[in-house]
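Trainee: Using numbering that gives the first Met the number 0, you'd call the opening residue of the sequence shown number 0 and step up by one each time. We treat Cβ as the ideally placed atom computed from N, Cα and C, and that holds for glycine. Questions regarding the structure given below will be posed in turn.
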Amino acid sequence: MKTLQRTLTIIKPDAVAKNAVGDIIEQFEKNGFRILAIKMLEISKHQAEQFYAVHASRPFYSSLTNFMSSGPIVTLALEKENAIADLRKLMGATNPANAEDGTIRKKWASSIEHNAIHGSDAEETARFELSFFFAGYELAK
Ligand code: ATP
Ligand code: MG
0 MKTLQRTLTI
10 IKPDAVAKNA
20 VGDIIEQFEK
30 NGFRILAIKM
40 LEISKHQAEQ
50 FYAVHASRPF
60 YSSLTNFMSS
70 GPIVTLALEK
80 ENAIADLRKL
90 MGATNPANAE
100 DGTIRKKWAS
110 SIEHNAIHGS
120 DAEETARFEL
130 SFFFAGYELA
140 K
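Okay, structure coming up:
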């Protein structure tokens, strides 16, 4: 039996500004992810701080939360078998200098901070991140 898993992804402000939204969503669909929900929005600095609270002690926290609240983002709830790991593989390494060919960050990221896309890194964070952006009734059956 297939065990489906859900993950939360964010197309970050740099990628939205580069008109990369369509290309990135096409990558999700081509790689077997089912879109359960999608929304475009802008978040405040405070909301970015809540979302990235796990990084509060990191030196890049302030810069990261300024960046994430600097313009529109697109968030999606995605589903497939092994979605969390498979999405992170499709994203590529955090630093685009280390990202493999064919990954989203290789194509669209311009720096370790302006790296085009976010993906949940574990089941517990996926649950938190999905509920941060989507109510249960907003997810496709
Ligand atoms: P994400 O959580 O956004 O999917 P990630 O899991 O690959 O990315 P994390 O270590 O969780 O990477 O860092 C979160 C985000 O913080 C990165 O995606 C990047 O935008 C930013 N970041 C990470 N390391 C640095 C750094 N050294 N300098 C500046 N920004 C950084
Ligand atoms: Mg992370």
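Measure the CB-CB distance between GLY91 and ILE103 and report whether it falls below 8 Å.
Mentor: yes
Trainee: Let me confirm a value: THR2 is counted as buried when at least 16 other C-beta atoms fall within 10 Å, else exposed. Which label applies?
Mentor: exposed
Trainee: What are the boundary residues of the beta strand (DSSP E) that includes ARG5?
Mentor: 3-10
Trainee: DSSP state of THR64, grouped into three classes?
Mentor: Three-state DSSP puts THR64 in a helix.
Trainee: Using 8 Å as the cut-off, can you tell me whether the stretch 40-58 makes contact with the stretch 93-112, which would need three or more C-beta pairs spanning the two stretches below that distance?
Mentor: no
Trainee: Between the Cα of ALA96 and the Cα atoms of ASN81, ASP85, HIS113, which residue gives the shortest distance?
Mentor: When each option's Cα is compared against that of ALA96, the closest is HIS113.
Trainee: Would DSSP call ILE42 helix, strand or coil?
Mentor: In this structure, ILE42 counts as coil in the three-state DSSP scheme.
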